[in-house]
Amino acid sequence: MRPTTWSTLSNAREAQVGASARELVLRRDKMQLFRYSSLAESTPAPVAPILIVYALVNRPYLLDLQPDRSLIRGLLAAGLDVYLIDWGYPDGADRLLTLEDYLSYIDDCVGAVQQGRKPGISLLGVCQGGTLSLCYTALHPARVSDLITMVTPVDFKTPSDLLSRWVQPLDVDTWAGSGNVAGEMLNQMFLALMPFRLTQQKYVDLLQSEPDAARAENFMRMEQWIFDSPDLAGTAFRQFVRWFYQENRLVEGTLSIGGQRVDLAAVTQPVLNLYGRRDHLVPPEASAALQGLIGSRDYTAREFDLGHVGMYTSSRAQREVPAAIAEWLSRPRKRRTTYKRRR
Amino acid sequence: MRGSKMSDDFMRQWQQWASALDPSRGASWWGPPPPQAMPYADLFERFAAAAGAASGPEAARAFGDWLRDQFRDPGALWGNQLFTSASWSAPAFGPMREHQLRAERMTRAWQRAEEARQRCARLWSDMLREAADTFSRGLTATDAPAAPAAPVTDARRLYDQWINAAEAAYARMARSTDFVKAQGDFINFSGEMRRELSDYAAGCAKFLDLPTRAELDSVHERLRALQTTVDKLVAQLAQGGKAA
Numbered sequence: 212m213r214p215t216t217w218s219t220l221s222n223a224r225e226a227q228v229g230a231s232a233r234e235l236v237l238r239r240d241k242m243q244l245f246r247y248s249s250l251a252e253s254t255p256a257p258v259a260p261i262l263i264v265y266a267l268v269n270r271p272y273l274l275d276l277q278p279d280r281s282l283i284r285g286l287l288a289a290g291l292d293v294y295l296i297d298w299g300y301p302d303g304a305d306r307l308l309t310l311e312d313y314l315s316y317i318d319d320c321v322g323a324v325q326q327g328r329k330p331g332i333s334l335l336g337v338c339q340g341g342t343l344s345l346c347y348t349a350l351h352p353a354r355v356s357d358l359i360t361m362v363t364p365v366d367f368k369t370p371s372d373l374l375s376r377w378v379q380p381l382d383v384d385t386w387a388g389s390g391n392v393a394g395e396m397l398n399q400m401f402l403a404l405m406p407f408r409l410t411q412q413k414y415v416d417l418l419q420s421e422p423d424a425a426r427a428e429n430f431m432r433m434e435q436w437i438f439d440s441p442d443l444a445g446t447a448f449r450q451f452v453r454w455f456y457q458e459n460r461l462v463e464g465t466l467s468i469g470g471q472r473v474d475l476a477a478v479t480q481p482v483l484n485l486y487g488r489r490d491h492l493v494p495p496e497a498s499a500a501l502q503g504l505i506g507s508r509d510y511t512a513r514e515f516d517l518g519h520v521g522m523y524t525s526s527r528a529q530r531e532v533p534a535a536i537a538e539w540l541s542r543p544r545k546r547r548t549t550y551k552r553r554r
Numbered sequence: 581m582r583g584s585k586m587s588d589d590f591m592r593q594w595q596q597w598a599s600a601l602d603p604s605r606g607a608s609w610w611g612p613p614p615p616q617a618m619p620y621a622d623l624f625e626r627f628a629a630a631a632g633a634a635s636g637p638e639a640a641r642a643f644g645d646w647l648r649d650q651f652r653d654p655g656a657l658w659g660n661q662l663f664t665s666a667s668w669s670a671p672a673f674g675p676m677r678e679h680q681l682r683a684e685r686m687t688r689a690w691q692r693a694e695e696a697r698q699r700c701a702r703l704w705s706d707m708l709r710e711a712a713d714t715f716s717r718g719l720t721a722t723d724a725p726a727a728p729a730a731p732v733t734d735a736r737r738l739y740d741q742w743i744n745a746a747e748a749a750y751a752r753m754a755r756s757t758d759f760v761k762a763q764g765d766f767i768n769f770s771g772e773m774r775r776e777l778s779d780y781a782a783g784c785a786k787f788l789d790l791p792t793r794a795e796l797d798s799v800h801e802r803l804r805a806l807q808t809t810v811d812k813l814v815a816q817l818a819q820g821g822k823a824a
């Protein structure tokens, strides 16, 4: 009997996510640090290891969804030594975790990656993970040799940022309460940014297409990723919304974490900033604002004609993004500027 | 003599208080009109404000919005009566004072969240009407009369045109001050209601000798402080070991 789209989708229910082999390097509370195995066919690149800091929202397997849609695989193919932080699924025991705690987790991971090597790693921050990476780099500049930010919000009050507009009138303490924030609720908010396309049209597209097992599996993997939403540690969430979205402290220069001022001028290492022209979650101008705030003279921006998720999963991204990162890491360096901490 | 003055004062105040509670006497020095009249007073104020702004369409719109809210669900008219009953604004004293105040706060938050939800629903309804207008205009009209719009026969193309019209109308609404305010109010007041409900549940938990959220948080914070101290001591010991 000829398969229908429906039966093909039913067969793809349990599509596996995560394509590349990896080993656990470090575990602290629910955070885990993984190191990916190098690919047999790749030649190790003579550059520092790269540590990927993913967002607290959603799961990091988006970066390694399947063999032909994997940013991580692309980086491995370029000979890079790749590490990834997985934040896990916070529960009630994590409700008091602060942004300071998350930066401390990153610091532990940086320490683990650097163990037995010469100092310096490349930090690749993804989306909100990019914002955390910027804060970490500003506070620990000596520990990071290169910084790559990918679809990273920096200016949280750009005119086209609908999410930011919605968040401004919210009383974050009342909204979030004292507990964790349900990932499902945030997901609803993300879907509400384009409700007709994201909750209707894409399913019509799918059901109208020819039954194809590979396509159905791709679709199911993305569905799994979209709705596999960890809850967010309540305290860190409230801090993030208030300090970044509502008060735009990173741009205003008024951010302090754990009693230490986060001054982006302290980011003097080379910076590569990657963002999508059609990103509806993090508008390009929200990322591009970075250039005017950091102290680095070695700044490169790459805008891709892609949306937020397309930056990881589109076939164009597979061709262009890992290559852009690998090329940038291997280029000749400019001399680093020195930063004098202001009081 | 002094005792008599006190009892006169008490009697006078008691009578004033009792008369204020008597709905047959209407509004008194006690304050605003009775709760049952509030929706109408609110409508009057909004209508007068809109008319004062010399905007006929605005005044008509305010009236239209009010009508839509009033008659969206005939059953809700009775429900609203329940939640605006005079008992919620009665003075609070005596052993049940705290319970009454909590119930009032919860009801007020519920009313505000419901009112904000209605505003959101109205804006959605307006947006869908705008989307439908744009969609149907796209099917029938064209800027150039000489070149009439080609009839759309492909159902999928028709559907995509509808999605485009709907997303465009939605994007305008979603950015509007009215929508941002209505959505924000809905989320904030829903949160307030949840907080009051949580307080109520904590009271029940205490009565049953079950741990409350506040107690757990307090223990959690102590544990965290202890962990921080242990981490510092371990780091100091490690430093000491290295130095030795």
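Going down the list, the protein sequences come from chains A and B.
Numbered by the working numbering, the letters in the first sequence go through residues 212 to 554 in order.
Numbered by the working numbering, the letters in the second sequence go through residues 581 to 824 in order.
Virtual Cβ for every residue (Gly too), placed ideally from N, Cα, C.
On a predicted model such as this, the values are computed, not experimentally measured, just so you know.
Residue 701 (chain B) is positioned such that its CB atom lies no closer than 9 Å to that of residue 755 (chain B).
Residue nearest to residue 370 (chain A) within the set A:496, A:517, A:289 is A:496 (criterion: CA-CA distance). Taking C-alpha positions only, residue 778 (chain B) is separated from residue 387 (chain A) by approximately 13 Å.
Straight-line spacing of the CA atoms in residue 424 (chain A) and residue 217 (chain A) works out to 11 Å. Residue 263 (chain A) sits in a strand when the DSSP states are folded into three classes. Exclusion of the five residues before and after residue 383 (chain A) leaves 449, 452, 453 as the residues of its chain whose Cβ lies within less than 6 Å of its Cβ. Boundaries of the beta strand (DSSP E) harbouring residue 361 (chain A): 355-361, taken from the DSSP string. Here residue 379 (chain A) is exposed. Its C-beta has fewer than 16 other C-beta atoms within 10 Å. A direct Cα-to-Cα measurement between residue 793 (chain B) and residue 394 (chain A) gives close to 21 Å. Using a Cβ-Cβ cut-off of 9 Å, residue 736 (chain B) is close to 415, 419 of chain A, given in chain order.
Nearest to residue 310 (chain A) by alpha-carbon distance, out of A:397, A:470, A:254, is A:470. Within chain B, the residues whose beta carbon sits less than 9 Å from that of residue 382 (chain A) are 764, 767, 768, 771, 772, listed in sequence order. Taken through DSSP and simplified to helix, strand or coil, residue 512 (chain A) comes out as strand. Around the beta carbon of residue 810 (chain B), a 10 Å sphere encloses fewer than 16 other beta carbons of the protein chains shown; the residue is thus reported as exposed. Minimum Cα-Cα distance from residue 709 (chain B) among the listed residues B:786, B:795, B:748 corresponds to B:748. Excluding residues up to 5 positions away in sequence, nothing lies with its Cβ nearer than 7 Å to the Cβ of residue 252 (chain A) in the same chain. Contact annotation for residue 385 (chain A) against chain B: 768, 771, 772, 775 [CB-CB distance below 7 Å, chain order].
With 16 or more other Cβ atoms from the protein chains shown falling within 10 Å of its own Cβ, residue 478 (chain A) counts as buried.
From the beta-carbon of residue 760 (chain B), the residues of chain A found nearer than 9 Å are 376, 377, 379, 380. The Cβ neighbour count for residue 304 (chain A), taken over all protein chains shown within 10 Å, is under 16; the residue is labelled exposed.
The residues 373, 404, 405, 518, 519, in chain order, have a CB closer than 8 Å to that of residue 491 (chain A) in the same chain once the five nearest residues on each side in sequence are set aside. Taking the Cα positions, residue 780 (chain B) is about 20 Å away from residue 670 (chain B). Residue 532 (chain A) is not bridged by DSSP to any residue. With respect to the C-alpha of residue 345 (chain A), the residue from A:266, A:283, A:415 having the closest C-alpha is A:266. CA-to-CA, the gap between residue 738 (chain B) and residue 752 (chain B) works out to about 22 Å. In this structure, the beta-carbon distance from residue 332 (chain A) to residue 264 (chain A) does not fall below 9 Å. For residue 744 (chain B), the enclosing alpha helix (DSSP H) has its first and last residue at 735-755. Taking the Cα positions, residue 357 (chain A) is about 12 Å away from residue 511 (chain A).
By the beta-carbon neighbour count (other beta carbons within 10 angstroms, threshold 16), residue 414 (chain A) is exposed.
Contact with chain B is absent for residue 325 (chain A), since none of that chain's Cβ atoms lies less than 9 Å from the residue's Cβ. With fewer than 16 neighbouring CB atoms inside 10 Å of its own CB, residue 421 (chain A) falls in the exposed class. Against chain B, the CB of residue 408 (chain A) has a partner CB under 9 Å away; the residue lies at that interface.
Taking CB atoms only, residue 412 (chain A) has a neighbour in chain B less than 9 Å away.
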